[in-house]
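J.:
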Amino acid sequence: MMKRLVIEYIKFLLRYPTLYILVPLVIIFTLSYNIVYDFTVKQLNSLFLYGVEKITLLPTICQGKYVTKLILKSENVLDPQYLAKVQEMKQHLSSYSNCIITPILKFESKRSVVRYFNEMNVLLAYLFLDNLTYTNHFIQTAKTLKIYLIHDGDIPVEGVMEMSKHFIDYFSIQTGVSKIRFFFLASDIIVVILVGSFILYLYLVLANSHRVKSNFRVLSRWLISLFLSGLASTSLITYWEGAASWNLVTEPSTSFTKLTYFLIIMVASSSNLFEALEIPGSNVHKRLLDYYTGFYCLPRITKNLFVNTITVCGMQLICMILVWTCFRGDYLQFISYRLSVISKEVLVCMFIEYLVELSFVAAIFVVDSKQETLNLEEQEGANLISSKLMKSDRGTLAHRLGLKLLTVSRRSNPIIVVSSGLVLMLVVLAHWTIIMPMSLDITIENSNTCIYYIEYSLLVLFIVAVSGLAVPTYNTEQLEFNETVKRFNTIDLTVSSDILRIATNPKTSHLVTTSLDHKVLYWSPLGDPDPIELSCDLWPINHLGINDDGRFVILVSFKKGVIKCFDRKLMKVKWIQMEDSLRSKPKILESFFRKRTVPGFLARKMLRKRRGSDASLSSVNSSVNANFPPPPPPIEMKSHSQEQRERKTNSVGKEEYVMVFQTGEILVVSCVDGSIKRYDVKESLINAKKIRTPRVPDRIVCLTSSADLIVVNIVNNNLKSKQLTIKKANPTSELSSTLNQPTIQAVEFVGFVVKVDGLECQVIDVISGNVVKSFVIGSMKPNTLKVSYPQPTHCRFCGSAAISSFSVMYENDSGDDEEGVIVVHTFRVDEMRKAICLRVERDPREIRCLGFSAADEKVNWFYNVVGYEVTCVNSIIGIMENTSTLPKLTNRMDSSIGLSSLRNRKIKKTNRTRKEFQLMSVSLGSGDTDYYKLLDYQNFNNLWSVYRYGYKSVILNLGNRLEIIYFGNNNLIEYVDDNSLKFNLR
């Protein structure tokens, strides 16, 4: 029942988001209008009703031993004629005292009197007046006027006499002539810097999260709602305390105390804002459902409300203990009361903000996700501050600061936050102690005319009109909550021991694994689920490889320096080769199988022999060029001598295994007899990737330790290397290059390579060295770069190769704060052009097509990803983790003894966490994400790694179990020969 109500609430929110913005805004504005009026409408009315001329009090302060307060009463002491009589009395008493402290008593009209006392400091006005009558928040009449005589001896008047030191200090502070004003000024500057810094921090977190389109718009609306919530809380506490004016509850207040109050509620509510960042994205209705029911069927921000409430109560208790220890008498009573009031204000404000977050703020994020703008930087939620700073020359302070601001993320240390709050509260206590008022026992009568309510109605209409213009009414599409469980298909493979290594090949359904029990298993998941154990006395096995058709399996052991090849067709070891260079345990950066190519003269010779045969009829119109696999042999009977003569010739087309080592050495091992050819690029390498392109020789792109690129071309089965000169406009700065470790990823078929150079990611043409596309990325964990793109098609304008989208993804390195954050940069062109033409950047004369320069970049963030892999159909399949805290364990006793018993006793003192997992499927072309429930979540606690299997599925290594996950039918393998003569674009 509760879930159904939440779903209906979300549907109504998605259908009418503007309504969820206007209604909460009008409610909190109404609650806070009593205070907002004093700072807005009252100031304007003061100018229009009582003139522009402003009268200020020039304080007269003298020294004396005593102060005597004279209380004068009348029907209206603010009458100019009455004040003139008081002026005459002041002149008469001046001979008996050192000085007389009074407000200004000479006025030309009553309008000047009203404006003078209404613009006076509130505490100063209460020092001189009592029995006040307010009309529309303006002091209109007062029945009591208080004047103060400073003297050393007796005076011939009756009044309240006391020592003058406290009064003189208090009056000096209120009039701003005391030296303590420098302390107030310093504290005001500090708190202004803190508030500004925290607002800047919120902006940077929003901008670097890339979850909202307009960071400034979202942040400003959130700050407005927070400000109104704070004022609404103060107004409610005023009614709670039964005070006639909110000033009687909040005074004494300074700029520091007001800004500190706002800073406290801003810090406490910022966690709710960060939780709301999960709303934007695809499947917004599901995200909202998780947002509203993610904490024990309650909104996820409920946890923040509990934590903040406990924190505020704890800080109040600490401050109360300090006050009870340090103060006595009136000070103790006054400061204790003020502490209780400000604590109530903060708690009520947090509750109001909690309700606002569930309506107003959620609607803001929904509207922002639907809003469009012509500003591309704003549309993608860019960090505008960093963008402006990074336009400076590289190496300058502004450019370095821009790079540093890109790394700001959500980080919160509870100890630092609570400690800073306590320090601020100590300064607030110091302010209260210094300016404790003489007395707040003031009688006030309030009344409002119809003008007051007309002004309120006009302001509400103004807010609705402005909100209607700033927040258009979007007709959000109807999103259904499908409660049926979505399904995916799995294949389970179980072994007796944990699996250490897995070797897969997207072109074959077979795979090879090694396990802790020193077994090498050969699997055929689509056929027989039971594996075949390969006879192997080789251990440890440091590297595995399987070829395209699954026939050859390569096993490498560094300890023994052995390379072994197993032939599945013959079901025996084909050869064993010793290699001493492996004993140094070099790191294998890249390894792959390739078919040896046929030289041009031999291809023509073989073609002449095939003429007239049945096998050649199908390829009459074909041509055979160099560097391609030989055609299949003709169907005819051969003699023994002819077979011996052709055996050597046909051996050219056999496979070989290529391994690229970190030392720069390249080993090419023949799968026929195990013979080894050695090559060396003569530089140490960081990374290496193969590139296979139809009708082009195989290439290996190597990234050296100096961040240079070396391209190794395999021509006529020989390796030839050359350094690739990258043609880019600006070199990478030293600071940015230290943020991300250089790495590369191949873009096969099109002959590109993606290179990460600091915070810059470059798409480079391997042939020319031109930088096809360059864009900025965040902080990346090493060896997490991946590339995905759909099957290339023909460009509809020029006929060259084109791709509909291009995605680059990596795992964000945000320290220890957040783990498993995947960032995906996707490039697409408009719907009319359909695809990104790959010829544009290579040929500057091409003007018909759109290339990477015209592609729009979209950045998606995925959180709590335990493991994922990119498939060949331009999608991501991964596992996400949702952790929820369970109640503490009871004090039960276990019968176990020893180390197990000690472990159980330690667990009883901590909270248990339950890990729930869900399957994530992302379509990179459109950005759509689907989530699937994993009921048997215990089996995913030990996810070791994820590998690509086939062209549309992945395989999960779960320790002693392998699980293949795919969608749709079980046709998981689509074999395409990369070097085939007939490779048609689709």
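Just so we're aligned, residue 72 is where the sequence shown starts under our numbering, counting upward by one.
All C-beta atoms in this analysis are idealised placements derived from N, C-alpha and C, irrespective of residue type, glycine included.
Using three-state DSSP, classify GLU727 as helix, strand or coil.
T.: If DSSP states are grouped into helix, strand and coil, GLU727 belongs with the strands.
J.: Whole-angstrom Cβ separation of VAL752 and SER777, contact assumed at under 8 Å?
T.: Actually they are not in contact, since the Cβ atoms of VAL752 and SER777 sit about 12 Å apart, beyond 8 Å.
J.: Grab the span of the alpha helix (DSSP H) containing THR380 for me, first residue to last.
T.: Run containing THR380: 372 to 397, per the alpha helix (DSSP H) assignment.
J.: Of all the beta strand (DSSP E) runs that stay within the bounds of the segment 186 to 246, which reach a length of 3 or more residues?
T.: Listed in chain order, the complete beta strand (DSSP E) runs (minimum 3 residues) inside the segment 186 to 246 are 200 to 206, 209 to 222, 231 to 234.
J.: Output needed for ASN343: all residues of its chain with C-beta closer than 6 Å, excluding positions within five of it in sequence on either side, in chain order.
T.: Answer for ASN343: ILE372, ASN375, GLU428, listed in chain order.
J.: Excluding the five sequence neighbours on either side, which residues of its own chain have a C-beta within less than 7 Å of the C-beta of LEU90, listed in chain order?
T.: Within the same chain, LEU90 has no close Cβ partners at all.
J.: Report the residue from VAL783, ALA759, MET951 whose alpha carbon sits nearest the alpha carbon of THR814.
T.: THR814 has its Cα closest to that of ALA759, out of VAL783, ALA759, MET951.
J.: From SER341 to LEU609, what does the alpha carbon distance come to, in whole angstroms?
T.: The straight-line gap from Cα to Cα measures roughly 58 Å.
J.: Any contact between the segment 81 to 98 and the segment 152 to 170? By contact I mean 3 or more CB pairs, one from each, below 8 Å.
T.: Result no; under three Cβ-Cβ pairs closer than 8 Å.
J.: Apart from the five residues on each side of it in sequence, which residues of its chain come closer than 6 Å, Cβ to Cβ, to LEU141?
T.: The residues are ILE218, GLY230.
J.: Could you tell me which whole beta strand (DSSP E) segments of length 3 or greater appear in the segment 575 to 629?
T.: For the segment 575 to 629, whole beta strand (DSSP E) runs of length 3 or above, ordered along the chain, are 582 to 586, 591 to 594, 603 to 605, 614 to 617, 623 to 628.
J.: Taking only three categories from DSSP, how would you classify ILE1044?
T.: Residue state, collapsed to three classes: coil.
J.: Pull up the distance between the alpha-carbon of GLY849 and that of SER258, whole angstroms please.
T.: Spanning the two alpha carbons is a distance of roughly 37 Å.
J.: When the Cα atoms are used, what is the spatial distance from LEU330 to ALA906?
T.: Approximately 53 Å between the Cα atoms of the pair.
J.: Just mark PRO611 as buried or exposed, buried being the case when its beta carbon has 16 or more other beta carbons within 10 Å.
T.: Flag for PRO611 reads exposed.
J.: With distances taken from CA atoms, which of LEU774, THR204, VAL112, ILE336 is nearest ILE513?
T.: Ranking the options by Cα distance to ILE513, first place goes to THR204.
J.: Can you name the residues that DSSP bridges to GLU987?
T.: For GLU987, which the question treats as bridged, DSSP gives the partners ASN953.
J.: My output table needs one value for SER180: the three-state DSSP class, helix, strand or coil.
T.: The answer is coil: DSSP assigns SER180 none of H, G, I, E or B.
J.: Please state whether the Cβ-Cβ distance between ALA339 and VAL383 is less than 9 Å.
T.: In this structure, VAL383 lies closer than 9 Å to ALA339 by Cβ.
J.: Does the beta-carbon of ARG358 have 16 or more other beta-carbons within 10 angstroms, so that it is buried, or is it exposed?
T.: Result: buried.
J.: For the candidate residues LEU587, VAL355, ILE737, whose alpha-carbon lies nearest to that of GLY1030?
T.: Ranking LEU587, VAL355, ILE737 by Cα distance to GLY1030 puts LEU587 first.
J.: Can you give me the C-alpha to C-alpha distance between PHE199 and THR215, rounded to a whole angstrom?
T.: Whole-angstrom Cα-Cα distance: 8 Å.
J.: Taking the beta carbon of LEU34 as the centre, do at least 16 other beta carbons fall within 10 Å, making it buried, or is it exposed?
T.: The chain is shown only over 72 to 1057; residue 34 falls outside these bounds and no answer can be derived.
J.: By the DSSP assignment, the beta strand (DSSP E) with TYR881 in it spans what residues?
T.: Here the beta strand (DSSP E) through TYR881 covers 877 to 882.
J.: Output needed for GLY1039: all residues of its chain with C-beta closer than 7 Å, excluding positions within five of it in sequence on either side, in chain order.
T.: Hits under 7 Å: none found.
J.: In whole angstroms, give me the CA-to-CA distance for ASN546 and ARG292.
T.: In this predicted model, ASN546 has a pLDDT of only 48, less than 50, meaning its place in the structure is not dependable enough to derive any value.
J.: In whole angstroms, what separates the C-alpha of ILE797 from that of ASP927?
T.: In a straight line, the C-alpha of ILE797 is about 24 Å away from that of ASP927.
J.: Could you pull out every residue in the same chain whose Cβ sits closer than 7 Å to the Cβ of LYS980, ignoring the five residues on either side in sequence?
T.: Model confidence at LYS980 stands at a pLDDT of 42, short of 50, so the residue's coordinates are unreliable and nothing is read from them.
J.: Name the DSSP beta bridge partners of LYS640, please?
T.: DSSP lists no partner for LYS640.
J.: How would you label PRO600, buried or exposed, when you count the other beta carbons within 10 angstroms and need 16 or more for buried?
T.: Its Cβ having fewer than 16 others within 10 Å, PRO600 is exposed.
J.: My output table needs one value for ASP744: the three-state DSSP class, helix, strand or coil.
T.: Coil at ASP744, not helix or strand.
J.: Which word fits GLY247, buried or exposed, when buried means at least 16 other C-beta atoms lie within 10 angstroms of its C-beta?
T.: It is exposed - the Cβ of GLY247 has fewer than 16 other Cβ atoms within 10 Å.
J.: Straight-line CA distance for SER324 to TRP503?
T.: Their Cα atoms are separated by approximately 8 Å.
J.: In this structure, does DSSP put PHE664 in helix, strand or coil?
T.: PHE664 falls in the strand class under three-state DSSP.
J.: Ignore the nearest five residues each way along the sequence and tell me which others in LEU615's own chain have a CB closer than 6 Å to its CB.
T.: Excluding residues within five positions, the ones whose Cβ falls inside 6 Å are ARG572, ALA574, VAL583.
J.: Within 10 angstroms of its Cβ, does LEU1043 collect 16 or more other Cβ (buried), or is it exposed?
T.: It is buried - the Cβ of LEU1043 has at least 16 other Cβ atoms within 10 Å.
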